[in-house]
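Novice: Chains as they are written, first to last, in numbering that gives the first Met the number 0: chain A, 0 to 82; chain R, 0 to 321. The C-beta atom is built at its ideal place from N, Cα and C for all residues, glycine as well. Computed from a predicted structure; not experimentally measured.
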Amino acid sequence: MKLAKYVKFREEKFGAVLFETRSEKVFTLNPTATAVVREIQAGSDERDIPARLKARYNDQDGTIEREAQAFIAELRQKGLVED
Amino acid sequence: MPIPASTPAATGSGDLGAPLYIAWQVTNECNLACLHCIEESGPGKAFPDELDEDEVFAVLEQAMDLEVPYLSFSGGEPMVHRRFFDMAEYVCRRNGQLKVETNGHYLGPENCARLKQIGVKAVQVSLDGATRDTFNRMRVRGNFDTAVQGVKNLRAAGVPIEINYSPTSFNAHEIGTAVDLAYELGAYSFYTGRTMYTGNAVKTWHRMAPSEEQYGPFFETLHRKTEEYRDRMRVHFHEMGLLEELRYRLHHPAALLIVLPNGLVKLINALPFVCGDLRKQTLAEIWGRFQRAWQDPRVAQFVDDLAIDPRKTATLHQWVYL
């Protein structure tokens, strides 16, 4: 999985933005979503990303893991990533 | 976790470290002399103090270093700039996404192949008329057949196409046909909105301004076409009047810088205010100034004055330095 052709990613103080330049839509990302996109850009397998973030951020109640799963599903649904 | 979505124009600039979009008028020179041109471009109309080549590439380098994701080159006619292809190539090589806004008269097969090879995100062609008669009347020195052939050449080369349309009293009724034509030509987006009273339009307003009676069916048709082409071509239009848009912008400045051919940076096309000079400040410094400039009381005053006298837009080229 990688960012779709027309999607640009830029980190910001609050997290990051994804800019889909064909539809000219901007998506504002919180820190968890930003961490997910960093993993995508690093080439991580999408199935591994939620667990990796859970471990990295000592996510004891699973909040980050769930957020990451939901975010990946939304990236796919919005066409912001491709295989 | 729903992702909040907006557009660059609607994205508040305050929290961002750099613009999301730079709209760069690379030259004021143009091969055409269109009745409605908001920049007063035309043959021999290049500014005497346009950025030189070293300055142009220094600005592009700054934009790419700041990771500005999206740029557009317009004019005048951007393709008459001597280093146009080098500039486009630089942006795309640095992973920026570039849109070229052109009148379509330099889109021969060779240039289209080059644009494809460079990897521009899209080329937006102005087709202000669905027929030879209206297009040629509006685009003085222009040729409908040349522009349409240019779009066909883009399609043959595999370059993504956008079409822009400016309404006038004599072409507003063609809007439905124009949208259909854009789709037939292979466009993925169609843009239009209200024609502005500024630039060349100040001198030609009496013979080209659409009336409110014309705007009614114009926008009705666009609403219908939006539905008709849903999922096939995006029909994008600004129904909002200029005053409403500027009032919104006062509180929600777009994450967008307008760069003029001489390196001055405007707050927005529809205001005369300049917030920086790329010969004197870096792009990063100007981005900081941009945030503050929107709060200058003269900006809000200008918008208030516009409510009383809409023809104040005739003064947009008398730049006011903030």
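(1) Can you tell which of G41/R, G95/R and A87/R has its C-alpha closest to the C-alpha of D64/R?
(2) Going straight from the alpha carbon of Q123/R to that of I39/A, what length do you get?
(3) Give a yes or no on whether the C-beta atoms belonging to P108/R and N142/R are separated by under 7 Å.
(4) Grab the span of the alpha helix (DSSP H) containing W23/R for me, first residue to last.
(5) Along the chain, where does the alpha helix (DSSP H) containing C91/R start, and where does it finish?
(6) Which chain R residues are close to K53/A, counting only those with a beta carbon under 7 Å from its beta carbon?
(7) Is Q24/R buried or exposed, if buried means 16 or more other CB atoms sit within 10 Å of its CB?
(8) Mind listing which residues of the stretch 15-46 of chain A have their C-beta closer than 8 Å to chain R's C-betas, in chain order?
(9) For the candidate residues Y164/R, A313/R and R92/R, whose alpha-carbon lies nearest to that of W204/R?
(10) What would DSSP say about Q76/A, mapped onto helix, strand or coil?
(11) Would a C-beta distance cut-off of 7 Å place A292/R and P18/R closer than the cut-off?
(12) Rank L184/R, D127/R and L180/R by C-alpha distance to the C-alpha of V150/R and give the top, closest one.
(13) Cβ atoms of P209/R and D181/R: under 7 Å apart, would you say?
(14) Would the stretch 68-75 of chain R count as touching the stretch 278-285 of chain R if we require 3 or more Cβ pairs under 8 Å?
(15) For the stretch 213-265 of chain R, list the beta strand (DSSP E) runs that are entirely contained and at least 3 residues long, ordered along the chain.
(16) Are there 16 or more other CB atoms within 10 angstroms of the CB of K4/A, so buried, or fewer, so exposed?
(17) Name the two residues that bound the continuous beta strand (DSSP E) containing L28/A.
(18) Which term fits H250/R, buried or exposed, when burial requires 16 or more other beta carbons within 10 angstroms of its beta carbon?
(19) What do you get for P47/R, buried or exposed, if any count of 16 or more other CB atoms within 10 angstroms of its CB means buried?
(20) Does the beta-carbon of P30/A have 16 or more other beta-carbons within 10 angstroms, so that it is buried, or is it exposed?
(21) By the 10 Å Cβ neighbour count, where 16 or more other Cβ atoms means buried, how is K202/R classified, buried or exposed?
(22) Can you pull the chain A neighbours of K120/R, defined as C-beta to C-beta under 7 Å?
(23) Counting only the same chain and skipping the five closest in sequence on each side, list residues whose C-beta sits under 8 Å from that of K24/A.
(24) Considering V302/R, what are the terminal residues of the beta strand (DSSP E) in which it resides?
(25) Please list the terminal residues of the continuous beta strand (DSSP E) segment that includes I285/R.
(26) Measuring only the C-alpha atoms, how far is M323/R from Y164/R?
Specialist: Per the coordinate set shown:
(1) When only C-alpha atoms are compared, the closest one is G95/R.
(2) Taking the straight line from one Cα to the other gives about 31 Å.
(3) Contact flag unset, no.
(4) Segment Y20 to Q24 is the beta strand (DSSP E) holding W23/R; no alpha helix (DSSP H) there.
(5) Per DSSP, C91/R belongs to the alpha helix (DSSP H) from F83 to R92.
(6) Scanning chain R for C-beta atoms nearer than 7 Å to the C-beta of K53/A yields nothing, as the closest lies near 15 Å away.
(7) Answer is buried; the Cβ neighbour count reaches 16.
(8) Residues passing the 8 Å Cβ filter: V16, L17, F18, T20, R21, S22, E23, K24, V25, F26, T27, L28, N29, T31 and A32.
(9) The shortest C-alpha separation from W204/R is found at A313/R.
(10) Helix, per DSSP.
(11) Against a cut-off of 7 Å, the Cβ pair of P18/R and A292/R comes out as no contact.
(12) Nearest C-alpha to V150/R: L184/R.
(13) Checking the sequence, you will find Ala at residue 181/R rather than Asp. Result no, Cβ atoms of A181/R and P209/R do not sit closer than 7 Å.
(14) Flag = no, the stretch 68-75 of chain R and the stretch 278-285 of chain R do not touch.
(15) Scanning the stretch 213-265 of chain R from its first residue to its last, the whole beta strand (DSSP E) runs of 3-plus residues come out as 233-237, 255-258 and 263-265.
(16) Its Cβ having fewer than 16 others within 10 Å, K4/A is exposed.
(17) From DSSP, the beta strand (DSSP E) with L28/A extends over K24 to L28.
(18) Within a 10 Å sphere around the beta-carbon of H250/R sit fewer than 16 other beta-carbons, which makes this residue exposed.
(19) A residue is called buried when at least 16 other Cβ atoms come within 10 angstroms of its Cβ; P47/R does not meet this threshold and is exposed.
(20) The residue is exposed, with fewer than 16 neighbouring Cβ atoms inside 10 Å.
(21) So K202/R ends up on the exposed side.
(22) By Cβ distance, chain A contributes Y5 and T20.
(23) Scanning its chain for C-beta atoms nearer than 8 Å, with the 5 sequence neighbours on each side dropped, one finds around K24/A the residues F18, in chain order.
(24) Looking at the DSSP string, V302/R is not in any beta strand (DSSP E); the run it does join, the alpha helix (DSSP H), is P296 to I307.
(25) Per DSSP, I285/R lies in no beta strand (DSSP E); the unbroken alpha helix (DSSP H) holding it starts and ends at L282 to A292.
(26) Past the boundaries of the shown model lies residue 323/R; chain R is included only from 0 to 321, so the question cannot be answered.
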